[in-house]
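Here's the structure, in structure tokens; my notes come after.
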Amino acid sequence: MFATLPREKTTGLFVRYTHHPADPRIDATIIDIEHAKTGRFGIGWHYLVLVDGTVEICRHPLSVGAVGRENFTRSHIQIGVVGGRDRETGKFSETLTDAQREALEELYQRLADTLGVPLGIDESLEKYAHKQHQQDEAAEAELEERLDRNEAMTTGVY
Numbered sequence: 181m182f183a184t185l186p187r188e189k190t191t192g193l194f195v196r197y198t199h200h201p202a203d204p205r206i207d208a209t210i211i212d213i214e215h216a217k218t219g220r221f222g223i224g225w226h227y228l229v230l231v232d233g234t235v236e237i238c239r240h241p242l243s244v245g246a247v248g249r250e251n252f253t254r255s256h257i258q259i260g261v262v263g264g265r266d267r268e269t270g271k272f273s274e275t276l277t278d279a280q281r282e283a284l285e286e287l288y289q290r291l292a293d294t295l296g297v298p299l300g301i302d303e304s305l306e307k308y309a310h311k312q313h314q315q316d317e318a319a320e321a322e323l324e325e326r327l328d329r330n331e332a333m334t335t336g337v338y
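Its first residue numbered 181, the sequence shown is counted upward by one per residue in my numbering.
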């Protein structure tokens with residue numbers, strides 16, 4: 181986690197899928213690498229909700245995020261939800277798990293309580309499905325290889 185530009189005020193939460201398959205091996209480390217490859221200063225989300233409902237802090241919550249280029253996202257905390265893509269077709273798919281939904285509800289409440297302000301929640305997860313990033317077969321294979329390698333390192337099986 182690192183601070184970038186400070187956000188002057190927080191008026192809402194911006195929640196979007198990461199446009200990955202709902203894979204439990206995808207976490208902030210994987211997305212941080214992907215976002216850095218696109219020229220961002222690390223992962224763009226403030227928080228990332230994993231498939232199992234774990235919430236990872238990715239950027240300082242009071243900084244400006246790096247997902248989306250719209251002006252309103254400068255006043256929003258940005259939350260990524262792992263998923264949104266069908267593994268077989270590569271097209272948009274509603275993949276929100278019950279664990280993710282519960283984690284989001286808890287996170288919304290914690291943030292509203294901490295900031296002491298009512299927050300507008302832009303949670304149209306499917307809204308930008310037409311803008312999802314189409315990865316070619318090589319990029320998809322690279323992701324799978326990286327996930328397999330990370331999984332092997334954590335389980336001790338090389």
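The beta carbon of each residue, even a glycine, is placed where N, CA and C say it ideally should be.
- Task: Measure the C-alpha to C-alpha separation of histidine 199 and glutamine 280 and round it to an integer number of angstroms.
- Result: In a straight line, the C-alpha of histidine 199 is about 15 Å away from that of glutamine 280.
- Item | Bridge-paired residues (DSSP) for histidine 256 | BP columns for histidine 256 point to Gly192.
- Message: If you measure between the beta carbons of alanine 202 and glycine 263, is that distance less than 7 Å?
- Response: yes
- May I ask you to list the residues that DSSP assigns as paired with histidine 200? Gly264
- With 16 other Cβ atoms within 10 Å as the buried cut-off, status of phenylalanine 194: buried
- Looking at C-alpha atoms only, which residue of Lys271, Val229 and Ala332 is the closest neighbour of glutamate 282? Val229
- Message: Between the alpha carbons of leucine 295 and threonine 334, how many angstroms are there, rounded?
- Response: 36 Å
- Item | DSSP state of glutamate 331 mapped onto helix, strand, coil | helix
- 6 Å CB neighbourhood of aspartate 266 in its chain, flanking five on each side removed: Ser273
- Give the straight-line distance between the Cα atoms of glutamate 303 and alanine 332, rounded to the nearest whole angstrom. Glutamate 303 and alanine 332 have their alpha carbons spaced roughly 34 Å apart.
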